[in-house]
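Protein chains in written order, with this note's numbering: chain A, -14 to 271; chain B, 284 to 442.
Glycine included, C-beta positions come from ideal geometry on N, C-alpha and C.
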């Protein structure tokens, strides 16, 4: 299958990429890993008039500590994250389960985040752990909280003349842990259900911060705020996690589809939330 | 747009449309039909080639993105010394049935062995988890990749 015709620009700097994207307006797309964009173009679900290839821009492929957070550049591939010793918690847990090994070799974390596919895993992980998206446009750089960045079904909050240059992942200083639980029919299929959990513990062992977010069970990656509220201030326990699981299940809005019934997916959300929280607590207490 | 891709050690220069996929360029442009097209939707992995040594799906990469890079297809596995250990092992261990997924499986196997000279059963299965075999001949594919790793290690004198 051939994509529809488009103009192709191989940018050699971020500034050049932004200028080329601005010129193309809302019909221009950034090409990073292309593992979601190119399949959509081949199926003609997406017909951008211009592709701005950023793969030849130097300096976008690093994972490094910076000002108390982890900086992940726009060309860091899923496989780089999976192999990186710098990530932990839910991010490290999710990385090996993104798509399949071949897709992980090309697909980028920033690209997946920007794509805002509700069946994508990373935005749940980032909603649970907290993160900032670094966007650059002609007038400079701004950081956007992941909760504000993910707007809707395949919709982010970037302006037409902006591109994502990096993610800033938090590096919790105290005791913390996280996990991503994913059910897929086969490797490479979209998640039937995914749940990301992140916990931080206070000195007395109670939960000081909690993040829970869900994949493929709503029109958008959704934070389970009710479950989060139940957790904060309490001591980790199986009973508490079961209660949080029920709260998350109630906040999910799954659909009946080829991967299963909505009713069953809600039960998976409850079970996976419990499991993810238990794994997060175990890590935080270690 | 004019691009030059080094395919299996030989530079191929061609004028291509930006929308041309790498797999089409390899098969139609360079005439190397060992790289197959299966699902054409980034699911099956039979179009796998190595780009600068890394296995990727050539149906999900534009030819222009490979400009200036080194691509290895199944035709590039064989050397002057004969078959690549992975090719020999697929033959010895009956690692193929219909053969359609075989070029991709061998390339993924070769890339794995480069990184991990003695992969476990699980590590092989993990590495090929993006590649489908519709004959479901996975048992012998795993055996073949492990046999190739052992053969490569002993010929390198470190077994």
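Chain order gives the chain B residues near residue 87 of chain A as 328, 331, 338, 339, 340 and 413, where near means a beta carbon separation below 7 Å. Residue nearest to residue 200 of chain A within the set A/79, A/95 and A/87 is A/79 (criterion: CA-CA distance).
If only complete runs of 3 or more residues are kept, the stretch 76 to 148 of chain A shows the beta strand (DSSP E) at 117 to 122, 125 to 130 and 135 to 137, in order along the chain. One alpha carbon belongs to residue 97 of chain A, the other to residue 139 of chain A, and they sit about 10 Å apart. Counted as a single uninterrupted DSSP element, the stretch harbouring residue 404 of chain B is not any beta strand (DSSP E) but the alpha helix (DSSP H) occupying residues 404 to 410. Within the stretch 170 to 242 of chain A, the complete alpha helix (DSSP H) runs of at least 4 residues fall at 210 to 216 and 223 to 236. Taking residue -11 of chain A as the centre and dropping the five residues before and after it, the same chain places the C-beta of 26, 29 and 32 closer than 8 Å to its C-beta, in chain order. Chain-order list of chain B residues neighbouring residue 172 of chain A: 412 and 413, by C-beta distance under 8 Å. Distance from the CA of residue 7 of chain A to the CA of residue 396 of chain B, rounded to the nearest whole angstrom, comes to 44 Å. For residue 254 of chain A, the closest C-alpha among the options A/53, A/233, A/219 and A/241 is that of A/233. Residue 19 of chain A has a beta carbon lying within less than 8 Å of a beta carbon in chain B. Neighbours of residue 30 of chain A in chain B, taken as residues whose beta carbon is under 9 Å from its own, are absent, since the nearest beta carbon is some 11 Å off. Judged by their CB atoms, residue 202 of chain A and residue 157 of chain A are not nearer to each other than the 8 Å cut-off. Proximity of residue 24 of chain A to chain B, defined by a Cβ-Cβ separation below 8 Å, is satisfied. Burial is judged here by how many other beta carbons sit within 10 angstroms of a residue's own beta carbon; residue 270 of chain A has fewer than 16 and is exposed.
Burial of residue 429 of chain B is indicated by the presence of at least 16 other C-beta atoms within 10 angstroms of its C-beta.
Excluding sequence positions up to five before and after residue 321 of chain B, its CB lies within less than 6 Å of the CB of 327 and 329, all in the same chain and listed in chain order. Counting every other CB atom within 10 Å of its CB across the protein chains shown gives residue 439 of chain B a total below 16, marking it as exposed. At a cut-off of 8 Å between beta carbons, residue 407 of chain B makes no contact with chain A.
For residue 288 of chain B, the beta-bridge partners assigned by DSSP are B/295.
Proximity to residue 38 of chain A across A/22, A/73 and A/131 peaks at A/22, based on C-alpha coordinates. Among the residues of chain B, those whose CB is under 8 Å from the CB of residue -9 of chain A are 301 and 302, following chain order. For residue 124 of chain A and residue 0 of chain A, the gap between their C-alpha atoms comes out near 10 Å.
Below the 9 Å Cβ cutoff, chain B contributes 304, 323, 324 and 342 as neighbours of residue -14 of chain A, in chain order.
DSSP, read as helix, strand or coil, puts residue 166 of chain A in strand.
Straight-line spacing of the CA atoms in residue 366 of chain B and residue 20 of chain A works out to 32 Å. Pairing residue -3 of chain A with residue 42 of chain A gives a Cβ-Cβ distance under 8 Å. Taking 8 Å as the threshold, the shortest C-beta distance from residue 369 of chain B to chain A does not fall below it. Against residue 284 of chain B, the close residues of chain A are -7, in the order they occur along the chain (beta-carbon pairs closer than 8 Å). In the structure shown, the three-state DSSP call for residue 420 of chain B is coil. Residue 190 of chain A places its beta carbon 8 Å or farther from that of residue 223 of chain A.
Exposed is the label assigned to residue 52 of chain A, since fewer than 16 other Cβ atoms lie within 10 Å of its Cβ.
DSSP places residue 361 of chain B outside both helix and strand once states are collapsed to three, so it counts as coil. Here residue 103 of chain A is buried, its C-beta having at least 16 other C-beta atoms within 10 Å.
DSSP, read as helix, strand or coil, puts residue 251 of chain A in helix. Residue 331 of chain B has its alpha-carbon roughly 12 Å from the corresponding atom of residue 316 of chain B.
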